[in-house]
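Start counting the sequence shown at 177; every next residue gets the next number (my numbering). All C-beta atoms in this analysis are idealised placements derived from N, C-alpha and C, irrespective of residue type, glycine included.
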Amino acid sequence: MTGNLRDDAASKADDWQNLGVAHYRAGRFPEAEAAMRAALTYAPGRLNALVGMGAILRAQRRLVEALEFLDAARAVDPDAPQVAINRANVLNDLQRWDAALEAADRALIDLPDHSFANNARGNALAGLGRFAEALENFQEAVRLAPDNMVARYNCATMLLRLDRADEALAIYDATTAATPKAAKAWADRGHLLMQQRRWAKAVADYDRAFDLDPNLPNLAGQRLHARMKLCDWRDFDSAVADLGLRIDAGKPASLPFSVIAAALSPRQQLRCATVYSARTFAAQPRPAAAPPGRRIRIGYFSADFHEHATAHLMAEMVELHDRQSFDVAALSFGPPSDGPMRSRLKAACERFYDVEHLTPAAISEVSRGLPLDIAVDLKGFTTLSRPKIFAAGVAPIQVSFLGYPMTTGAPFIDYLIADRTLIAADEREFYSEKIAWLPGCYQPNDRKRPIAGETGVRADHGLPDEAFVFASFNNAYKITPSMFGLWMDLLRAVPGSVLWLLQAEATAMSNLTAAAEQVEVDPGRLVFAPLRPLDQHLARIGHADLFLDTSPCCAHTTASDSLWAGLPLLTLKGETFAGRVAASLLTSVGLPELIVEDTTAYRDMALVLARNPKRLADLRARLARARGASALFDTPTYVRGLEDLYRAMHDRRLAGLAPAHLP
């Protein structure tokens, strides 16, 4: 009788386990989990069921639980290679690189020719910063299983880390040639081309991937963003609407930054970021708060400590920090530089660390060794960002500031620094972070920004001497077809006027001139300004009459440059942080009448100013006075407000209190 019961339990465990495996292979992870748990009720110590639970939970990003089941499996059979491989994968996901390497080495003792074991070892070595060794394991994984696409992509990633971009692209070329129906291969090739700023080729690859699998994670948003880089507005409205529906459904539709210039709501931006962060990062424990009685240690993290917009904004802010109260460090994970801005920032900080070639875990160790009280991320999810640094836990308090005007959706970022124009009190629900409100504008400004002495004449810049010059120096991806159509209306309404734009990629400029022709505007009325050093750009801005801002993503540093140079700016206040920055700047500089609420008011105000030279001259005079008198350019007062926020964050932490909205 007992034997029959035992056989019956084993049979039921087999049935439930087989069902769990079937659900897992079909991607039905909750159903797979329920079935595998049922199998374990009949056979609690069954090795394969424990390993299966680990794989199922890993697929759901429940990594700590996954590791618990795999540890239980290891207790059943410490030498089982399948346990070691699965543990290595989960430990890699948890960024516990040393333990992952140990597990992968254990698996390779019994399975030296196992492709996925080699891939797991490569991931562990990459996490430890041993990129050349990692590449060898990834290459071995591909040799052992040429169809192991993950290992192929990992080879390409390591080649990029080793500054061998051409070889990385060759891998994708070979992969797409061998598997032309593999959507992910085309998408990943597109990602690499985006990194190389080869937008047109990236769009072609994204289109190919989308045709093969429109549900590939993040593809819809990346494809739209790449097209916007080129002002390629094919099916634009339907693409934005489709992206919104995917985000509403909780699908991994886009990288968060890729939706910044799409007409999505703050709620949709939060949902997009939350889904992305949950799928991408495994947050690690933070270091404990240091005892009181010493200066607060601030660490600024960025890839932009060189001639970059972020550095241009914050340089004087860093110089003015109160060194009696604050110890300031900078950790640079961007390209090396020996330019004047890098030198200035190094002089402004008490410590400056070049950590470009370190892994996130290693950078975390550097930070913990300082130790920092507050880590300030200036990049978010923008180009060259390193959010895994903060997932690894670099400081007791972690803050998003300045370089990323959106929510991260990440549990490892405690605060987002903003102001009440950007985020109203009743809009806090749309941000995963606690909001730290500055009393004035959130954006610092450098009063030392030089303006070149020689401005030349309009003709030197391809501008007509007498005509009204509208300008918009925002990046091309911020220009939407509806906003461009509004600008063309203004050109038609103001005879002889021109639109002065920043030079973009050749395809983008061609698309813009074609769009002008389609609405019967002479494309010669579009003038493209070549890139210039900041001081020269600030000097030439004065030749324009009115800056026309973009929407739904407006001008940020470009707006403050315009105001600093004395050029009035007209903005349409949007729904999101990224759509309200110019409104915040105009409020702080004392020109709120240049903030409008809808496109009708935008057109009307632009025409009033274009037709009323006296009113425009008055605005210019007010801007000239604002350079010495407005809150926007009062950097010392700004710094004191920022430091008050840092103190409040630190005091809460010392008191054992969780982050809260401040003040």
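Shortest Cα-Cα distance from residue 290 to any of 713, 389, 388, 324 involves 324.
Residue 427 and residue 716 have their C-alpha atoms some 45 Å from each other. Considering only 213, 205, 691, the residue with the shortest C-alpha distance to residue 189 is 213.
Beyond the five residues adjoining it in sequence on each side, residue 799 comes within less than 8 Å, by CB distance, of 739, 742, 743, 744, 765, 767 in the same chain, given in chain order. Judged by beta-carbon spacing, residue 667 lies beyond the 8 Å limit of residue 678, meaning their Cβ atoms are not closer than that value. Closest in C-alpha terms to residue 307, from the list 497, 339, 318, 480, comes 339.
Contiguous alpha helix (DSSP H) elements confined to the stretch 745-794 occur at 757-765, 775-787, taking only those with 4 or more residues. In the structure shown, residue 507 falls within a strand segment according to DSSP collapsed to helix, strand and coil.
Under the three-state reduction of DSSP, residue 574 is assigned to strand.
Taking a C-beta distance under 8 Å as the contact criterion, residue 378 and residue 397 do not qualify as a contact pair.
If only uninterrupted alpha helix (DSSP H) runs of at least 4 residues are considered, those enclosed by the stretch 299-347 are 307-320, 325-337.
Taking residue 226 as the centre and dropping the five residues before and after it, the same chain places the C-beta of 245, 248, 249 closer than 6 Å to its C-beta, in chain order. With contacts defined by Cβ atoms closer than 8 Å, residue 401 and residue 591 do not form a contacting pair. Apart from sequence neighbours up to five positions away, the residues of its chain that approach residue 239 with a beta-carbon distance below 7 Å are 266, 269, 270, 458, ordered along the chain. Within the same chain, Cβ atoms closer than 6 Å to the Cβ of residue 734 are found at 649, 650, the five residues on either side in sequence being excluded. Note on the stretch 422-496: whole alpha helix (DSSP H) runs with a minimum of 4 residues are 442-456, 485-495, in chain order.
Contact between residue 727 and residue 750 is confirmed by a C-beta separation of about 5 Å, below the 8 Å threshold. Between residue 550 and residue 566, the C-beta gap is not smaller than 8 Å, which leaves the two residues out of contact. In the three-state reduction of the DSSP assignment, residue 197 falls in the helix class, which pools H, G and I. Counting every other CB atom within 10 Å of its CB across the protein chains shown gives residue 543 a total of 16 or more, marking it as buried. Per the C-alpha coordinates, the member of 412, 680, 669 positioned closest to residue 785 is 669.
Restricting attention to 833, 838, 837, 839, the CA atom closest to the CA of residue 464 is found in 833. Below 8 Å, too few C-beta pairs join the stretch 465-481 and the stretch 440-448 to call them touching: fewer than three.
Secondary structure note for residue 702: its beta strand (DSSP E) is the uninterrupted segment 702-705. The stretch 613-626 makes no contact with the stretch 379-387, as fewer than three CB pairs between them are under 8 Å. Short of 7 Å from the beta carbon of residue 513, and not among the five residues preceding or following it, lie these beta carbons of its own chain, in chain order: 482. Residue 762 counts as buried, since no fewer than 16 other beta carbons sit within 10 angstroms of its beta carbon.
Here residue 252 has 221, 223 as same chain residues with Cβ atoms under 6 Å from its own Cβ, once five neighbours each way along the sequence are excluded.
Counting only residues of its own chain and dropping the five nearest sequence neighbours on each side, residue 301 has a CB closer than 7 Å to the CB of 277, 309, 310, 313. The distance from the Cβ of residue 617 to that of residue 808 is about 6 Å, consistent with a contact at the 8 Å cut-off.
Within the stretch 659-706, the complete alpha helix (DSSP H) segments of 4 residues or longer fall at 682-694, listed in chain order. In the pairwise beta carbon analysis, the stretch 428-438 is classified as not touching the stretch 780-795: fewer than three pairs are separated by under 8 Å. Taking the Cα positions, residue 202 is about 21 Å away from residue 361. Distances from the CA of residue 216 to each of 568, 193, 208 were compared; the closest alpha carbon is that of 193.
Taking every protein chain shown into account, the CB of residue 564 has 16 or more other CB atoms within 10 angstroms, so this residue is buried. Annotation for residue 592: the continuous beta strand (DSSP E) segment containing it runs 591-594.
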